[in-house]
Structure formats: structure tokens, C-alpha cells
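Protein sequence lines correspond, in order, to chains A, B and C.
Heads up: the first sequence is residues 1 to 305, going by my numbering.
Heads up: the second sequence is residues 1 to 439, going by my numbering.
Heads up: the third sequence is residues 1 to 483, going by my numbering.
Glycine residues also receive a C-beta, built at the ideal position from the N, C-alpha and C atoms.
Encoded as C-alpha cells, the structure appears first; notes follow it.
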Amino acid sequence: MKTAVINLIILLIVPFLMIGVIKKTKAFWAGRKGVSVFQPFYDFIRLMKKEAVYSETTSPVFQIAPVIIFSSIIFAALFVPMSTGEPFINIPFGFIIFSYVLGFGKFFSLISALDTGSSFEGMGASREACFSTIVEPAFFIAMGSVAALTKIDGFDNLKMIMGNSGTYGVLIIALLIITLFIMLLIEGCRVPVDDPATHLELTMIHEVMILDNSGVDLGLITWGAAIKMFLFEALIASLLIPAGLPSLISIPLFLGIIFILAVVVGTVESTMARFRMTHVFEFIFTMSITALLVLTLVTYGIYGN
Amino acid sequence: MFDTIKLKYHQKSKYIKDIKNAPMREQFRGFPVLDSSFDDVPDETCCPTGALKYGSLPVISEVNPDYIKNLRIIIDKAKNNPNERQKLAIGKVSNDLALKAKEHGFDIFGYIHDLDVSGVRHAYLEHGMEKTEIPRGQIPITDDDFEKIPDVLYSYDEIDFSGKNKTGLDTITYKKHMSDNTIFYVEEIRTGKQTLTINTLYKHKNTGNPRTSVKNDNPLSSTGSIIISDLSKNFNPVVSKCEGTAKKILSIDMGKCTFCGNCKCKAIQFTNKYKSASTSREKLIITENTTAEDYEKTAIQSRKEIIKAFSKSLKLRQVSAAGCNGCEMELNACSNCNFDMGRFGIDFVASPRHADGIVVTGPVSENMAWALEDCYKSVPNPKIVILAGACAISGGVFQNSSKLNREFLEKYPIDLYIPGCPIHPLTFINAVLSYITGK
Amino acid sequence: MNWIIIENNEKINLSQIPEITIERLREDYKELKHRVIGFFGKNENENIRLYVILADDNEGKLYISSVLFRDNEKSYDSLTKDFPAFHNFEREFYEEFGIEPLNHPWLKPLRQNQDKYSFFEMKGEDVHEVAVGPIHAGVIEPGHFRFMCQGEKVYELEIMLGYQHRGVEELLTKSKANNRLAESVCGDTVIGHNTAYSQVIETLCGTSITDKAQIIRRIALELERIAIHIGDMGAIAGDMAYLPGASIFGVTRTLVINTMLEISGSRFGRGLIDIGGVNFDIKEEISDKIIKMLTEVEKTVDKMTKVMLKKPSCLSRMERTGTVTKEQAQAIGAVGMAARSSGVMIDSRIDFKDKFYKLENLRFSALGDVYSRFYLRYLEIKQSVEAVKDLLKILKEHNNEDLKVEIGDLTPNSFAISITEGWRGEIVHCAITDENGKISRYKIKDPSFNNWYMLSLAVRNNGISDFPLCNKSFNLSYCGNDL
């Protein structure tokens, strides 16, 4: 129970800090002082004080969508293994629920973008939908392989790979980290897939879909987006934290990995240009390939010898 | 990756550490210092925008330019069809008045003074008849007196916020000594629709001792030319500097100044001080009595709500309305690595919906007027409006153009004026920072 | 004699300008193969006179003639259908004087009445329309863009400008000397426009300014070129989300404009140039400072450009993006840096005689894509750095000359033209005086006026998400076009 409370606090607070760390890393590389790591909180508080403006052309869907998006992400988060490697709700095949609940939220963010009737919001929605269709199968392949490997169908199986499968497990973990990291870049809308700092409405993906949201709605969406990105980091972290560690060690370790991942994301963003939109697909398919490699390795491990 | 590390090593962090006291090159032409005791004051015509004045002080008019033109319609209606409802905007509530009202406990930021048929009718019925007025010691009002309303509202001598009308609405009473030795009273009521509506108007002959009755606590009345010349003609001079009409006042309106240095001489010096922004349009007029230190301390008057809402985070939407791209370039420069405005939580955002305020640059052309207004309406409340650059504040070098439509700026409250042509990033960052933090 | 041939910065009497017919103009244009740089009307009692200026880049000469439209002639046969380079000129002439070019392929508004115009539309199952502006997501000027796309691919981009129209030309006729207004024609080409304006007025007054002032003007012009080019390279990097490029070029640009501040008291050189000369001297110590600064800037730009051009992720964004071929650029009459990046080598600093510049056309493989424009900027920075160093050397020889000379009155009934190569390309200012010696018509042509259509051509068949990158690589002026 105690760990669950700690995990809940981590889930609600760390995502904003993680965004702050990414911004700070980028500022370091650019030679700026940069914003404080707490800036996302300040922005959120400011948004909470503001009214929301709704365009005359939007329907109620647009107004309820932010709440649905946010709550779906929080609901999905309940199935993700947190600092101790245990999800809040551990049921068989939690990863399928996770994926589909996220998908449900995404569906609402797509129709709310379309609801505004703006041509670039529609464009952003089509890009986002397109990327998601590629991410989803890769995610299932990767997670399915893990389930087959560990013979555990709960989402807490991630922590079981390390220490149980030897060097062969290390290879699988490495491939899974690559897969999940690329997913993180896509779902978190980071460079080289999307540029969160851009001011160019024609190249945005996630940003363009929320151009019309304001006030509290916008606050919820940005918070939700941060949590969503954090969830993928949490998945990577739980791959690296072996089972059976006492929570006194595993919690700092977990936070440390999240911090390092945030720095890595910030550094990637500082060292490379964003891909051309058509080129992004090639990048995303890299992830599908690593996921398939995991599957191949696992199949070989089970049936090979 | 490797290259980036090398570049990082080569390029040390260059951001300005202390933005509030950032050094500025001495060649920079910033805040002007005036002293007409030197006799080399240049001709007014050397100024490309009319910012330089040597004579009477300029008056900033926030008055609806069509007021006089449309006034007759309202008066006719009041006399002939009193049941008709029609309103006429007189002008915006100045920031100074709003700040003063705030001290008395009510908020009139963004309000508009207006005149409606019933107010005119009331004034005529109550104060227009000779037989009722003369016994009261008052003079019956005439049609021409309504033309003087803006003058009374914007350069009053005394103001009283304490009144309430019969239905319990707040009233404001303005009192002004006029040149024909009469005292004018204008009474306004605060309605719920962001307007101050003229309730009534009356006048009487000045019988008291003018020296004691003029309580000069309004900053405007010390700068308004009308008052100064009027006082010097009819009363003993109240303000020592306007002794006699011969004494000319040297002034520079930073809201119009391009800081080109054409008028530079012993009497007019441009310092390298860059904190020239103000929350009030009137303050931008620099006279010999203004010192840079005083100005920096008093020019930006923030409000509690603003500090509460935005002190740690402010997102702005920039609207370029027919400028020359100079201010836009400097606004972009605010976010570069040298000035790094983002570290204070101040950023420019893509969508007006995400913004807390708009920054207007350029003199607002006809073609951009609707877009500017649309953009403003898309920003969720609470919101602020910042005018950046001489063009936005006064029209600057384009002020005489026939292609402008500056209605927007007359309609909505302006929070911050940032002078310059173009604005310097340090001026902008410091102004916004002290406005949102109140320091 | 159908044309009067003059040089840059030369004044002629209005009566010397020949009068021809539109048909003659059409044939001469075909025959002479010169570039049109001026095509504007002027009211003459009830009639309208159309002035046409052609530039001969090989010889450095200007050809001037005029066409008279009597008050009953309200149309003529369009030149654009034969020579696309006239397209914007004819739109402008139609908009200002109401004389319709018949059979103009696309007679749309240039600066006014945008809301009454129905945009070009494409029909088809998959074609969708994306409209952007006038207010954009970044801190940039207003303009409206309408894309016809299939998925991510752009078929056609229509650009609608005029939101910045603030009546500059009209205002310039109202006063004799208004350098501050000339600086605000386009705030990123302060020196360029102000030089052109000052030169045209000086020419009309018959004043010749000192060599020293001429050299200082040119130094400022080159510094402006360096500063803006570096800034643009940073902006291109920023649009690709390549952070080191954006930040380092940004910081380097600050060095240049702060040196400008030390010279003139304004970061963009406002207040430096006045009619009759310049207001500020470049003394020995500032001269040393400039050289030191330029050496450092060149080093940083070299280093950063090399890193960027080695990065596959940067190269893949720039190469073969937004290509405009040489033929296209020539046909639409593109000028300046953008035209040079497509291989059309016109540079008024080189083509028209100038005794202070010792420049040669740059040699590089011009492909007309974003990469070429990026790389050309880099080369031009290096070229300008050398030019400034040369000019500073010559400046020393003219140390004792005055900065400013007295100017006389404007000559009545005259016509003068001045061409200056700003960083974007040739800036053409023309002025006509009336019988009282007052300016009765002032005409400005910013390079953007010719080049906006290049952007339309560049994004054809490109991804819509590459549009901002193409746009930045041209960095055309909205206010210079809208005036």
C-alpha cells in the first residue's frame, strides 16, 4: 500500500519534472541558462487560472475530449509497472488494456482536432493516426514476445527478463530498449519525429492538434502528454530493474533511470535535425524491425534448442 | 554527437546573466535627457515623427475621433425621441484613472466612457433650464457644453469616487475649471457592461479662490496643455514652470520617437538607458523634469491580478500588423541564446488560444485590423495587450498614412507601451518582467 | 529612338523619356532581352503614363521609356502572357490605375481587396486545401498561404499578400527628406533601402557626396548582408530543429549587429545614413574592432557550416528540397540571392559600375534547392567579409573628407533611378519630380516583389511540412512587397 502511494505521487509529479529536465538539457547544449525544471508546474498552474475559449464551430466533443484524453492516460498508467516493477492493477495481459486505453484517448484527441474544422489540425490528426498504426503492432509484438519468454502474462513480466535469461536476455533487453525508446520519441512527440519547440504550424504533429485548446483543457492535455511519455520511460526502467529489489533501492534506481532517459532525450534533440516527414516512417519502421528481432530471438530461445 | 560536444566546448555560454542590469554600449540611443537651459534646441521639424515638441506639451488623446461629429445625433435624439436608446463612445479609460480608481476600491481597467441619450436628456431636464439653475447658482447648460466632456474627463482637476446613485451604482464625479471662469461637473455611473456612462453634467461660475480650489493631484493636469495655458491666463500660476505663456516646454514623446538622434544637441541627450517602457501612455512624454531614475521607478505600475496569474509564466502571441519587420526581428532575438527570455518563463507561442496576451507591432493597416481583433478575441481571459515599438504606440513614421485603421487600439485596454524603433530586446524583456513580477 | 539609355544614379529630364506603344514595348522586350525592373504608372492630367525601365546586366545600362494611356483607354493586351516576368508588375499597375491587362493569365489582387478574391482551386478526390495566415505561428510578418495538397504533397501554393500595406510610397512623396521612413520600408534591409533612397534624392538634387560617405555606406551594406545571412542560416537550422545551428548562428549574428550598434547607435544601422552622406564616422579603433569581429565571426561560421554540412540529418532535409530551376527563375524574373542560388548570376554590385567594389561572381554549383541557398549564404558571408576588409582599407585614404555635404533643391521635372544590391537582391528606387521641384511619384521595388512567386514554384511537389524550410531559405520580405 505504501509503495502504491509513493508510485502514485511519482506518477503525478515526475512527468513534469522530466519535461523540465529535458528542457534544461537542451538549454545546456545551446549555451542558455534555460528555464527552471519546475517551469512545467508554473505553466500548468497558470493554465488552471485561465478561462477556456471555444470556437463557434466546435461541438461538445471538443469540450469533453481533454478530460477523456487525460483520464484515459491515467487509467492506462494503472497497468504500467512503476518503481517496484508492480503495476497498480496487475491482471493478465495488462499490456493489451494499456495499449487500447491509450488508443481510446488518442481517438478522442484525433476527433477533437478534427472537430475544430481547421485544415492543419486535420493534417496533424492524420499524421498522428498514421504513426500510431505503425507503433501499435510493434508494441504488441514486443510485449507478446516478453510474455512468451517469461511465461508470465501480467505486465510485471518486464522485470523478470533480467537475471533469468543470461546473456541472451541482455540482448533481448537491449533490443527492447531500442524499440521502446523509439516509441517514446514518437508518443512523446520529440525530435527527430516531431519538434515540440517549433513555431511552424505546417510541420507540427502533436502540437498542431491542440492549437485550439485553451485554459484548463490545455493544462490537462499537456499534463496528460507528459504522463504518457513518462509511461514509456517507466517501461524502459522496469526492464532494467531486476525483480526482488527492496523498494528502498528500486525507487531511487527507477527515478535515476527516468532522469537519465530525460537527459538522453534532451541530448538527442540537441544533436540532430528533425527528419523529413517521409523519412520519419523509415525511422519508425526501425522500431518494428527491432520488435520483430525480439520475437525471432524469443522464438529461437523457446523452440530453437 | 561528437561535433556537438566540440561546438559546445568552442562556444561558451553567452547568455546575459543579470538581465536587469545588463550593460549597454554607450553608443545606444535610449532614454532622452532634456535641458532647455542650453539654447541650441533644434527646430521641431527635424523630427521625422513629431515626437519633439518645444512649446506647449502634447496631449495624448484617447478620445474617440468621431465624438464631436456624432454628438449632434445623440443630442437631437435626446430632444426629439427620448425613448430611443443610442450610445456614443467618448474614449477609453486611461490607465492613470484606472489605477486611481483601484485605490478607491473599484476596477475600471478596460472600461469605456460613453454618452447615451438618457444621460443627455437628464442633463437637459435637470440642468438646462434657466429658471431652475440660476437660483441654484448654476449656469444652464447648452449643446456646446457636451463637446467639452472629453476635456473634463481626461484632464480633470478634481475627482470624487465616493458617490452612489439612486440604484446603488458607483458614480464618479469630475470637476474642472474652464477657461471662461466656470467650473464644470461631469458625473458618470459605472454600469455592468464595462462602461462608464455619463449620467449628468452641470456647471457654475467660479466664485472661490482659484488657488485653493485647484487640487493638482492628477498627473495629466500637469501635462495637459489646455490646463496649463488656461490657468496661466485666468488664474495666478499654480505650477511654477508655466509662468507666463512665453515659457516654452521642451518634451519628447517616446511613443513617437524613433531614437534616430537627429535632434541630438546639448539640450537633448540620449543616454544608453534602455528601460524606457511604461504602463501609461502619458508617462512616455519626457520633459525636463523627468529623470531616468525616477522614470525607471515609476513608469511600470503593475496590478495584483497580473502578478498573481503570470509572475512565473507568461505566454505571448505576437501580431505583426503592418510593421517593417524590425520589431519582429528584435522580438525573435529576445528568445535567442544571448537574451534567453525563456528562462523567465516568458515565451512566444503558436496559438492565441495558448497565449496570455498579445504583442502588437506595426501601425495596424486596414488589411490587418480584422485579423488583429480576431486574434485578441481568441485569447482566453485574463489577457494583456503590449504595444511594441513606435509604430504600434502612435503610428510612428507611418502616422500620417491613409492606409491605417487603428480602431482596435482605441477600443481595448493597453497594458504596456514599449518604445523604440525598433525596440531593443533588453527594453522588452525588462518591461515585461517588471510588469509580471511587479518589481 | 524608342529608349533612352542611362546609368545607375543618373537624372534625366522628363521630356527626354520617349513615348512608345505597348506593341512596340512587346517587340523591343523580346528583341533586347533585358530584364524588367520598373513598370509603374503616374497620373498626368487626365491621362496615365506608364514608365518602363529595363536593365541590361551585361553592359550595366538602364533603358527607359514610357507608354501613354489616354483617359478613354482602359485596357491593353497583357505582356504577362508572353513574358511571365511582368506578372506582378501588371497586377500592380492594374490595381493602382485600373487599366486592365487583357488576357493576363492570373489577374489577382496584389495588395488590396484580398477578401473579395476567390482563390485558385483544384478539384479532385484526394485534393485538400490548407489555408494558413495572415497571422502565422511564429513571430513573423502576416501573409496568407493557400496550399492545394494531396496528402502531404503540395500541388500548388497560392500566396496572398498585402496585409502589410501601409502606403509608404504615398508618404514618401509628402516630404523632401525622410530617411527614417525609407529605413522602415523593410526593417531587415535598413541600409539597403536607405542607401537607395538617399542616392535617388541626391541624384535629383544634383549633389555628389564624398567618397568617404560612399565607402561607409557600402561597409554598412555589407555588414547588414553578413548579419542577416548568418541569422537566416540560424533560422534554417532552427526550422529543421537542429539546435546547435540555431543557437550558434544566432549568437554570432549578435556580434555583427552589436558592432553596427557601436558604429551607428542602432543594431540595424538606423540613423546612420542621411541624404547628403552619413551621420557617423568609422574611426581607426572601430575599424580595428570590425576587423577583429569579422575574423572571429568568419571562424565560427566556417566551423558551424562544416559541422552542419556533414550531418546526414541536416543534409537530407536540405538537399533537393524546394528546387527552382534556372529556367524557371529566369522566366519569372527572379533577382538577387535567390536567383543566384538557381544559377541566374545577377548582382548589381558587379553588373553596374561601382568604383569601390572589387567583387567577382561566385563560382559554385547552383542547384536551386534549399542546400544551394544555404551554401550560397555561406559563400556570400565570406565574400562580404573580404569586401568589408577591402573597403576599410580604402577608407583610410579618405580620412580627411567630410561625412556629410549640404544638399540643394530637387530639380523640377526630372526622373532619377537608383539601384542598390541589398542582401536580398537589387533594390530599385525611382523618383519623379513635378514642375515645382516636389516629388510627385515615388516607386520602390524590393527584390521580394519579383521573388515571391519563386517560393510557390519551390514548394510544388514537395512535402507540405517542408514549406517552412523553403520559406526560410528564401526569407522574402512581406513589408517590402506590400509597401
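By the criterion of a C-beta distance shorter than 6 Å, G250 (chain C) is surrounded in its chain by G234, once the five residues flanking it on both sides are discounted. Interface criterion not met: the Cβ of P142 (chain C) is under 8 Å from no Cβ in chain A.
By the criterion of a C-beta distance shorter than 7 Å, A237 (chain A) is surrounded in its chain by F254, I257 and I258, once the five residues flanking it on both sides are discounted.
Taking S288 (chain A) as the centre and dropping the five residues before and after it, the same chain places the C-beta of A138 closer than 6 Å to its C-beta, in chain order. Chain-ordered, the chain A residues with CB closer than 9 Å to the CB of G345 (chain B) read V35, S36, Q39, Y42, D43 and R46.
Listed in chain order, the non-local C-beta contacts of D71 (chain C) below 7 Å within the same chain comprise E46 and N47, local neighbours out to five positions each way being set aside.
DSSP, reduced to helix, strand and coil, places R340 (chain C) within a helical segment of the structure shown. Under the three-state reduction of DSSP output, Q164 (chain C) falls in the coil class, being neither helix nor strand.
The alpha-carbon of L367 (chain C) is positioned some 52 Å away from that of L52 (chain B). The contact set of C337 (chain B) on chain A, defined by CB atoms closer than 8 Å, consists of A30, G31 and R32 in chain order.
Less than 8 Å separates the beta-carbon of V191 (chain A) from that of V268 (chain A). Rounded to whole angstroms, the gap between the alpha carbons of E188 (chain B) and G362 (chain B) is 34 Å. For T25 (chain A), no beta strand (DSSP E) encloses it; the enclosing alpha helix (DSSP H) starts and ends at K2 to A30. Within chain B, the C-beta atoms nearer than 8 Å to that of E201 (chain A) come from A350, in chain order. Secondary structure of M183 (chain A) (DSSP, three-state): helix.
About 16 Å separates the Cβ atoms of L255 (chain C) and S264 (chain C), ruling out a contact at the 8 Å cut-off. In chain order, A273, R274, F275, R276 and H279 make up the part of chain A whose C-beta sits under 9 Å from the C-beta of R317 (chain C).
Relative to the Cα of G395 (chain B), the nearest Cα in the group B:N381, B:K275 and B:P419 belongs to B:P419.
Distance from the CA atom of V139 (chain C) to the CA atom of V349 (chain B), rounded to whole angstroms, is 9 Å. Comparing C-alpha distances from V265 (chain A) to each of A:G188, A:A52, A:C130 and A:I161 shows the shortest one belongs to A:G188. When A:F181, A:H199 and A:R276 are compared, the shortest CA-CA separation from T290 (chain A) is found for A:F181. Within chain B, not a single residue places a beta-carbon under 8 Å from that of N43 (chain C); the smallest gap is close to 16 Å. Chain B has a Cβ within less than 8 Å of the Cβ of N178 (chain C).
Looking at B:T195, B:V360, B:D374 and B:T132, the one whose alpha-carbon comes closest to that of D107 (chain B) is B:T195. For the segment 412-451 of chain C, the full-length beta strand (DSSP E) segments reaching 3 residues or more read 414-421, 426-433 and 439-445 along the chain. Apart from the 5 residues on each side of it in sequence, P413 (chain B) sits with its Cβ closer than 6 Å to the Cβ of F109 and G110 in its chain, given in chain order.
Counting only unbroken stretches of 3 or more residues, the beta strand (DSSP E) elements lying wholly within the segment 327-390 of chain B are 346-348, 357-361 and 384-388, in sequence order. Using a CB distance cut-off of 8 Å, F268 (chain C) counts as an interface residue toward chain B. Distances from the alpha-carbon of D180 (chain B) to those of B:N199, B:R190 and B:D145 put B:D145 closest. The C-beta distance from A226 (chain A) to P87 (chain A) rounds to 19 Å, too long to meet the 8 Å contact threshold.
Not one beta carbon of chain B lies nearer than 8 Å to the beta carbon of D195 (chain A). Taking the Cα positions, S434 (chain B) is about 41 Å away from R276 (chain A). For N43 (chain C), there is no enclosing alpha helix (DSSP H); the enclosing beta strand (DSSP E) covers residues R35 to E44. Going by C-alpha positions, A85 (chain C) is about 22 Å away from I6 (chain C).
For V301 (chain C), no Cβ of chain A is located within less than 8 Å of the residue's own Cβ.
Remark: C-beta atoms of A113 (chain A) and M209 (chain A) approach each other more closely than 8 Å.
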